[in-house]
Structures are given as structure tokens and as C-alpha cells.
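To start, the structure under review is shown below, and the notes come after it.
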Amino acid sequence: MSRISVTKVPSLLPTLYPAASTSLGRGSDVYIYETLSTPQGVAVSTSARQVQLYERFGVSPLRTLEYHSDQITQIRMQEQSLMSSSRDGQIAIWDLRQTTDAPSLVFKSEDPILSFDLSTDNSMLVGGTQLNSDYMAKIQFWDPRNVGMPIKVFEDSHSDDVTQIHCNPSAPKQILSGSTDGLLCTFDLSQPDEDDALQFVANTGASVSQCGYFGPDSQFIYVQSDMETLQLWTNEATRLADFGDIRELGQGDLGIDYIVKCKYDPNAQRLYMAAGTNSGEVHLLHIGVDSMEYIQKLPRGNTGVVRGFDWELNDGWAVSGCEGGQLAWWSKEELPKPSISPSSSGSKRPTLSGRRFAPY
Numbered sequence: 022m023s024r025i026s027v028t029k030v031p032s033l034l035p036t037l038y039p040a041a042s043t044s045l046g047r048g049s050d051v052y053i054y055e056t057l058s059t060p061q062g063v064a065v066s067t068s069a070r071q072v073q074l075y076e077r078f079g080v081s082p083l084r085t086l087e088y089h090s091d092q093i094t095q096i097r098m099q100e101q102s103l104m105s106s107s108r109d110g111q112i113a114i115w116d117l118r119q120t121t122d123a124p125s126l127v128f129k130s131e132d133p134i135l136s137f138d139l140s141t142d143n144s145m146l147v148g149g150t151q152l153n154s155d156y157m158a159k160i161q162f163w164d165p166r167n168v169g170m171p172i173k174v175f176e177d178s179h180s181d182d183v184t185q186i187h188c189n190p191s192a193p194k195q196i197l198s199g200s201t202d203g204l205l206c207t208f209d210l211s212q213p214d215e216d217d218a219l220q221f222v223a224n225t226g227a228s229v230s231q232c233g234y235f236g237p238d239s240q241f242i243y244v245q246s247d248m249e250t251l252q253l254w255t256n257e258a259t260r261l262a263d264f265g266d267i268r269e270l271g272q273g274d275l276g277i278d279y280i281v282k283c284k285y286d287p288n289a290q291r292l293y294m295a296a297g298t299n300s301g302e303v304h305l306l307h308i309g310v311d312s313m314e315y316i317q318k319l320p321r322g323n324t325g326v327v328r329g330f331d332w333e334l335n336d337g338w339a340v341s342g343c344e345g346g347q348l349a350w351w352s353k354e355e356l357p358k359p360s361i362s363p364s365s366s367g368s369k370r371p372t373l374s375g376r377r378f379a380p381y
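Following my numbering, the residues of the sequence shown are numbered contiguously, the last one being 381.
Quick look at the structure:
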């Protein structure tokens, strides 16, 4: 069992209350992959190969973006640009200020793209691929000013699917990659080739499902595994903490079944974790170097495994999406009665089998 201490500190975040909920309403086989905060509200990627855009607390999509011919693997937002990657080997970018639903830019690969990021200075688009038939897992680079195929490829650093790519928000020439081979790699893209660019390698000991930078200068890295473990590292590959299986936090009394997402609040300089239950509850915790602080449990807004969760801490709202195709909103303002879309009362959708963070 986990020996990490967990104390209750509900005052770290505003209490969140149910505000609205809706269902995708497109049949029993449509479910939510990811939810992502946008300037207008939230973007939701679905198994119908769509990205739906909602205003905050909205129960009907404002727009539905369709482009990909295979499953969407990741969505990202940077300023007014919404980006998506897919197993069809493409990264599509939409300018949300435009009224057209066609992407304004498309970047292509010969392999399914599982992860990607755009550098903060917009100088480089980076994508991670699935292990191909030649047993190669690639990190590919595109010039955002020139659509088409990659201008550079790293092929030797990972031996399995590249599930995570992150550009360092404090250092545009540094990137982080994570893979199902268990490795975290950091690269300095000012160097000419892969051998010179590779800075540090960390072996986490488990398949990487999610990772990312955090800290005032992005000097730390959190990493989640498919085994529901959580570790903290420096960006120079020194391990700071190994929390083990988060399902065992508090001797298992918290009832947590999986990690949904970690998110860093730069204003408070705190790293938070959203963890879920198989029945659709979400637990919020603050992550320290050697301890965790339990903040609150959100009442069941979903009826199945929560795949997507995002929140804006300063504005006091959150959104969750689950395998059942339900989207639930939360607010720091307690409403008399949550707004519920008529479609959200439809039949229960089946849960998915297999790895939660590898729907592709």
C-alpha cells in the first residue's frame, strides 16, 4: 500500500457545484476522448472523429469540426488556434476566429500521430508517432509556416509508441517526449541532429500515459503511467518523488480508480491532480513533493469512466467528459438547479475495454 500521506485541505480551491450537463446524443457508440478549455468555453474530441465546441456551461455545441478520417488522438489550444492529431497521420489546425469549419493548416505524416505540441514561439510543430511496421517510433518536426511533410525526424530515442510530446513553455527550443517504452526524453532543438539534441533520458519503469512540465520555470516534470502510478522528476532526469499506485492513496479509502489529468496553476505555483472512479466521480488533489492534499470530491456528474477533465482555477469552473458520452459542467457558484440537456437522459452507453489513455 502507498505510504504517501494524504491530508484534507478543502480550502485550496473554491468548492465546485454541478452547473450543467448534456449528452452527445448520437447513439450508444459515441464517447468522449478529451475535454479542453478554450477562450470561448471548451473543446470536446469524440469517437465520431469530431471536435465539438461549447460555450461555458453550454448544453449544445456551437460548432462541430470534422476533418480526420481516423480516430482523434489529441487536441490542443494555443491562443485562438485549435489543433488536433489523428491516427490518419495528420495534424489539423483551425483558426477559431474564422467562420469556416475547414482547417486552415494541415501537416502530414506517413505514420499515425499519437501526440503533438506547438512551441510557444510558434517556430516548431512536433509530433510523436505510433510504432510502425518497421519497428520505428518517431518524433517528427514541421515548420508551421510550411504545410506538408516533416522537415526533420528523430527515430532512435524511443522503441515504442510516442504517447506524449510537450514543448517547454519556458524554453521554446526544449521538448519533452514520453513513450510506452517507459522513457522520458528531453531534447535541445538548437542542436543539429538527434544524438546531439538528446539531453536527458529517464526510465520511469512503466508505460507513460501522460506527462508534462510544471514549476515557475518549467523545471519539473510529472509523469503518469498506464498502471495508474505518478512520479515527479526534474527536467534533468532526477527523480523527486514516486507516489506509486494512486489507487492505494489513503490506504485505498479514497476510492480512486485512475488518474484523469494533472494540471499546473502558475499563479498559485501548485500542481493539481484530477482522479476518477469507475462510477463517474472526480477527486481533486494537490500534489507536493512528499505528500498529497485532498481538496474535494465532485458529485457524480458522469455515469462512467471519466476520460476528459479540465478546469480554469481562477474563474472557478470545470468540465468533465466520460465514456458514456456525457459532458458535465461545474461552477464555484451554487445554482438552484443544474441545467440539463434533454438528450442527457438517454440510455446508458457501454464502457470501453483496454487501456484508458490509449483509445487509439
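Every residue, glycine too, gets a C-beta built ideally from N, C-alpha and C.
Residue i and residue j closer than 9 Å at C-beta
| i | j | result |
| --- | --- | --- |
| Val51 | Gly346 | yes |
| Leu103 | Ile112 | no |
| Pro165 | Asn189 | no |
| His179 | Asp202 | yes |
| Gly329 | Glu55 | yes |
| Trp351 | Tyr75 | no |
| Val340 | Val281 | no |
| Lys173 | Ser130 | no |
| Val229 | Leu251 | no |
| Gly148 | Ile93 | no |
| Ser106 | Pro193 | no |
| Leu34 | Leu275 | no |
| Ser136 | Gln95 | yes |
| Arg77 | Val63 | yes |
| Leu146 | Phe175 | no |
| Cys232 | Gln245 | yes |
| Thr150 | Asp132 | yes |
| Glu87 | Arg70 | yes |
| Tyr293 | Ile267 | no |
| Ser42 | Ala349 | yes |
| Gln73 | Thr67 | yes |
| Lys318 | His307 | no |
| Asp138 | Ser191 | no |
Where residue i sits in the DSSP three-state scheme
| i | result |
| --- | --- |
| Asp109 | coil |
| Pro237 | coil |
| Pro39 | strand |
| Leu45 | coil |
| Glu269 | helix |
| Leu356 | coil |
| Leu135 | strand |
| Leu34 | coil |
| Ser26 | strand |
| Ala123 | coil |
| Gly276 | coil |
| Leu334 | coil |
| His89 | coil |
| Leu117 | coil |
| Gly322 | coil |
| Gln252 | strand |
| Gly345 | coil |
| Gly301 | coil |
| Gln61 | coil |
| Ser140 | coil |
| Pro380 | Low per-residue confidence applies at Pro380: pLDDT is 38, beneath 50, and the placement is therefore not dependable enough to give any value. |
| Gly375 | Note on Gly375: pLDDT 38, under 50, position unreliable in the model; the coordinate value appears next. Reduced to three states, the DSSP call for Gly375 is coil. |
Enclosing beta strand (DSSP E) for residue i [first to last residue]
| i | result |
| --- | --- |
| Ala223 | 219-224 |
| Val80 | Val80 -> no beta strand (DSSP E), and no H or E assigned at all. |
| Met18 | This structure cannot settle anything about residue 18, because the visible part of the chain is limited to 22 through 381. |
| Ala258 | Unbroken run through Ala258: none, as it is neither H nor E. |
| Leu126 | 126-129 |
| Gly309 | Note, Gly309: premise wrong, no beta strand (DSSP E); not H, not E. |
| Gly297 | 291-297 |
| Glu55 | 53-58 |
| Tyr279 | 279-286 |
| Gln95 | 93-99 |
| Thr150 | 146-150 |
| Ala69 | Note, Ala69: premise wrong, no beta strand (DSSP E); not H, not E. |
Neighbour flag for residue i against chain B, beta carbons, 9 Å
| i | result |
| --- | --- |
| Met157 | Here chain B cannot be found, since the structure has a single protein chain. |
_Does the contact criterion of 3 or more C-beta pairs under 8 Å hold for the stretch 215-231 versus the stretch 255-262?_
The stretch 215-231, when compared against the stretch 255-262, does touch it at the 8 Å Cβ threshold.
*If you pair each beta-carbon of the stretch 260-279 with each one of the stretch 195-213, do three or more pairs fall below 8 Å?*
no
*Write down every uninterrupted run of the beta strand (DSSP E) in the stretch 152-239 whose length is 3 residues or greater and which is fully enclosed by it, in chain order.*
DSSP runs (the beta strand (DSSP E)) wholly in the stretch 152-239: 160-163, 173-175, 183-188, 195-200, 204-209, 219-224, 229-235.
*asked:* When you compare the stretch 306-322 with the stretch 23-37, are there three or more beta-carbon pairs, one atom per stretch, that lie closer than 8 Å?
replied: yes
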